[in-house]
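Student: First the structure, then my questions, so here it is.
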Amino acid sequence: EETNNILLPPADVVAAAKENNRCRSIAYTFSEPTVFYEYMLDTAKLGRKSDLKSVVISAGFINPDPLKQLCEHVDAVKIDLKSLRDKYYRDICSAELKPVLDTIKILRDSGVWYELVYLVVSPLNDSHEELRDTARWVYDNLGPDVPLHFSRFYPTYQLKNLNPTDPKILTSAREMAMDIGLNYAYIGNVPGDPGENTYCPKCGETLIKRELYFIRQNNMINGACKCGEKIPGVW
Numbered sequence: 005e006e007t008n009n010i011l012l013p014p015a016d017v018v019a020a021a022k023e024n025n026r027c028r029s030i031a032y033t034f035s036e037p038t039v040f041y042e043y044m045l046d047t048a049k050l051g052r053k054s055d056l057k058s059v060v061i062s063a064g065f066i067n068p069d070p071l072k073q074l075c076e077h078v079d080a081v082k083i084d085l086k087s088l089r090d091k092y093y094r095d096i097c098s099a100e101l102k103p104v105l106d107t108i109k110i111l112r113d114s115g116v117w118y119e120l121v122y123l124v125v126s127p128l129n130d131s132h133e134e135l136r137d138t139a140r141w142v143y144d145n146l147g148p149d150v151p152l153h154f155s156r157f158y159p160t161y162q163l164k165n166l167n168p169t170d171p172k173i174l175t176s177a178r179e180m181a182m183d184i185g186l187n188y189a190y191i192g193n194v195p196g197d198p199g200e201n202t203y204c205p206k207c208g209e210t211l212i213k214r215e216l217y218f219i220r221q222n223n224m225i226n227g228a229c230k231c232g233e234k235i236p237g238v239w
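Our numbering puts the last residue of the sequence shown at 239; the count rises by one with no breaks.
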């Protein structure tokens, strides 16, 4: 009774994206899209018939079978890995860590493109040990080419008592992840930071220059650097 609601069937979503706004993709996010799983799945199926890609942004708390079905019809998934500590998930998120890690492994095996975002919340999940363990887990379980984004926290909603994350912590986390062997570690929510950009892991060339949601430069050539190094992703 306190929300503004509209009737928008999947076919209308696809038509609005394709014809009215000339979109290339539909993103399912805000709120958690597993809450409206059937609606998302039906829309993604119709979108694919109209050459529209589908991108899912989720906390990853979903059962294996519906996740596997979803992976057959979407093009990319971004998982918010809140922490590598079960205590954080239980105390802050009222959830559990293991199902999220299982989700990530299913994505790994499915072949769908996926990326991880770690929202660094000081002082709850920003310790050197936890950031290091997270990067190590990604490298050991997923390989060197899965993008891992360390995003800056800004106080809002139920955590207004905390301060914004010190960007130096994000820089340290990114450098540590790259030292471990991750090729695509990023910094998020810090406009203009060099850690927003994509660099060639072979020659160091700046391939994609970003500023928040905007791409300022794209120097990719058919999914590769000018040196010939193939860059994993959906291009």
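Just so you know, even glycine gets a beta-carbon here, dropped at the ideal spot from N, CA and C.
Can you look up Tyr217 in the DSSP assignment and give me helix, strand or coil?
Tutor: Three-state DSSP puts Tyr217 in coil, outside helix and strand.
Student: Distance, Cα to Cα, Lys172 vs Asn187?
Tutor: If you take the alpha carbons of Lys172 and Asn187, they lie about 20 angstroms apart.
Student: Is Val59 closer than 8 angstroms to Asp84 when the C-beta atoms are compared?
Tutor: No, the pair does not count as a contact, with Cβ atoms beyond the cut-off.
Student: Taking a contact to mean a Cβ-Cβ separation below 8 angstroms, would you say Val150 touches Leu174 in this structure?
Tutor: It is not a contact, given that the beta carbons lie outside the stated cut-off.
Student: Return the chain-ordered list of same chain residues with a C-beta closer than 8 angstroms to the C-beta of Val240, the five sequence neighbours on each side being excluded.
Tutor: The requested residue 240 is not part of the displayed model; the chain covers only 5 to 239.
Student: On the premise that Thr210 lies in contact with Tyr217, defined as a C-beta separation below 8 angstroms, what is that separation, rounded to the nearest angstrom?
Tutor: The pair is not a contact, with the Cβ atoms about 18 angstroms apart (cut-off 8 angstroms).
Student: According to DSSP, is Thr47 helix, strand or coil?
Tutor: Thr47 falls in the helix class under three-state DSSP.
Student: What does the alpha-carbon distance come out to for the pair Ser54 and Ser176?
Tutor: Those two C-alpha atoms are separated by around 43 angstroms.
Student: With 16 as the cutoff for other CB atoms within 10 Å, does Asn25 come out buried or exposed?
Tutor: Counting Cβ neighbours within 10 Å, Asn25 comes out exposed, since fewer than 16 surround it.
Student: For Thr143 and Leu11, I'd like the C-alpha separation in whole angstroms.
Tutor: Sequence inspection shows Tyr at residue 143; the Thr mentioned does not correspond to that position. Approximately 44 angstroms, taken between the alpha carbons.
Student: What does Glu119 pair with, by DSSP beta-bridge criteria?
Tutor: Paired residue(s): Lys82.
Student: Using a Cβ-Cβ cut-off of 7 angstroms (strictly less than) and excluding sequence neighbours within five positions of Thr107, which residues of its own chain qualify?
Tutor: For Thr107, where only same-chain residues beyond five positions count, the Cβ hits under 7 angstroms are Gly64, Ile66, Leu71 and Ile83.
Student: Which parts of the stretch 118-200 are runs of the alpha helix (DSSP H), unbroken and 4 residues or longer, counting only runs that do not cross its ends?
Tutor: Fully enclosed alpha helix (DSSP H) runs of 4 or longer: 132-146 and 171-184.
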